[in-house]
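Heads up: the structure comes next, in structure tokens.
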Amino acid sequence: MNIRDCAKYLWPEGTYTFITAIYLFLLNKLNTKLLSIDFESPVKLLSFEGGTPIKYFVIALLLFGIGALLIWYRLDCIRYKTDSMSERLCAFVAILVLSVFLCLIFIFIDNPIFRAVLATVFMVVSIGYALTKS
């Protein structure tokens with residue numbers, strides 16, 4: 033398998049990597065803005081610029097899910113669908129790259145957006161629990 037065949041074989045991962053790299057760049061810019069502002073509450077952070085952090089959080093969930101599915105697909109290919117060692121090697125490299133990008137998505141979304149989402153969910157659940165017990 034030459035480089036051209038490997039690129040054809042891994043086009044879904046290449047597309048995912050390109051889109052995710054752009055997303056991470058934009059997310060880093062948003063995180064820098066968010067960390068430079070002192071928000072009064074997690075809700076204020078999440079409503080910044082018309083809910084932009086929430087949109088980025090939803091995109092992170094989608095990209096994480098797609099990345100996990102691609103890893104599952106390549107593992108399935110390694111186990112059942114590929115006979116050649118070069119295809120298995122390409123799939124293994126793709127799994128490594130996808131794993132790195134999944135970790136990066138988690139790291140970049142964790143601070144401050146994911147923490148604000150968790151705090152907001154905790155507040156809503158607490159208020160809901162308090163209202164049902166009254």
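To convert a position in the sequence shown, counted from 1, into the working numbering, add 32. Where is the CB? At the ideal position from N, CA and C, for every residue including glycine. No experiment lies behind these values; they were computed from the predicted model shown.
Assumed close pair residue i, residue j - CB separation to whole angstroms, cut-off 8 Å
i    : j    : result
I127 : R111 : No, I127 and R111 are not in contact; Cβ-Cβ is about 12 Å, not under 8 Å.
F133 : T47  : The Cβ separation is near 12 Å, so there is no contact.
L77  : L66  : 6 Å
I145 : Y55  : About 13 Å; that fails the 8 Å criterion.
T64  : I137 : 17 Å between Cβ atoms; not a contact.
G99  : L130 : 5 Å
Same chain only: Cβ atoms within 8 Å of residue i, ignoring 5 sequence neighbours per side
i    : result
C122 : M33, C38, Y41, L42
Element boundaries [alpha helix (DSSP H), containing residue i]
i    : result
N34  : From DSSP, N34 is part of no alpha helix (DSSP H); its letter is neither H nor E.
F133 : 117-141
I103 : 84-108
K76  : 74-78
Coarse secondary structure for residue i, derived from DSSP in three states
i    : result
L42  : coil
T49  : helix
F146 : helix
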